[in-house]
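Notes follow once the structure below has been shown.
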Amino acid sequence: MTSLFAHSVLVSACLGALSGCFEQGSSGNDTASTPAKTQPAQPSNAEQSIDFTAFADINLATCLQAQGFKQVGQAQIVSCPQSDIRSLAGAEQLSFVRVMSVPHNDIQDLSPLASLTLLHTIDVDNNQINDLQPLQALTALNQVSAKHNQLRDINALTGSSLLRLYVDHNPLEDLSAVSSLRQLKHLSAKGHSAELPTLTASVTSFQL
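The opening residue of the sequence shown carries number 1 in UniProt numbering; numbering runs sequentially from there.
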């Protein structure tokens, strides 16, 4: 995500298909070579009204309203770049979210996303995040882009089935978890002081 223009183009592409969103350098054959994941159960509250008063950050609530979301099931692709968002609290109710794209904000805590089991793509570039632990149990997660944050390690992703990981320009001290990502295809982790990890045979492109 080198620019907000590029980001908006990629989000538009996501509207056509809920897969492969925000790909960077993909060879286009990930699906053919990667075992299919067991899909999480669909939530049953699709028609429940979104409680906008539950959001701690009015800027997040405003962004969601601007996208026309009224019911929980409508909020499947959330795109709120450069919106002065500091908190994701309240996003717990967005149980149908597949894509969460909130780059260029001031977010520190991803905990509100921990229960969003359908989430498969997250873009939190250019925020203040120092911990990916809330993403640990999200088994549908395919892609994480967390460039320009405050991450010192990615241990929370150990053993996950990620296909794409972008963590450039973080103060990373430990990248060893990469060696456990058996389905990883694309990795970018430029600008760090960590020892270079052993890459798995699945990796087809990388920048370190």
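For each residue, glycine too, the CB sits at the ideal point set by N, CA and C.
Item: Consult DSSP for valine 72 and reduce its assignment to one of helix, strand or coil.; Value: helix
Item: Under 7 Å Cβ to Cβ from alanine 194, same chain only, skipping five residues before and after it: list those, please.; Value: Leu172, Glu173, Asp174, Leu175
Item: Among Cys80, Arg152, Lys147, Ser115, which residue has its Cα nearest to the Cα of aspartate 168?; Value: Lys147
Item: To the nearest angstrom, how far is the alpha carbon of serine 205 from that of alanine 41?; Value: 32 Å
Item: Alpha carbons only, please: which of Leu135, Gln207, Leu187 is nearest the one belonging to aspartate 109?; Value: Leu135
Item: Using CA coordinates, which residue listed in Ser95, Gln128, Arg164, Leu181 is at the minimum distance from glutamine 150?; Value: Gln128
Item: Nearest CA to the CA of lysine 185: which residue from His192, Ala201, Gln133, Pro112?; Value: Ala201
Item: Specify, as a first and last residue, the run of the beta strand (DSSP E) that leucine 165 falls within.; Value: 164 to 166
Item: Short of 7 Å in beta carbon distance, which residues of its chain neighbour aspartate 51, apart from the five on each side in sequence? Order them along the chain.; Value: Gln93
Item: Should glutamine 82 go down as buried or exposed, given a rule of 16 or more other Cβ atoms within 10 Å for buried?; Value: exposed
Item: Starting from threonine 121 and walking both ways along the beta strand (DSSP E), at which residues does that stretch end?; Value: 121 to 123
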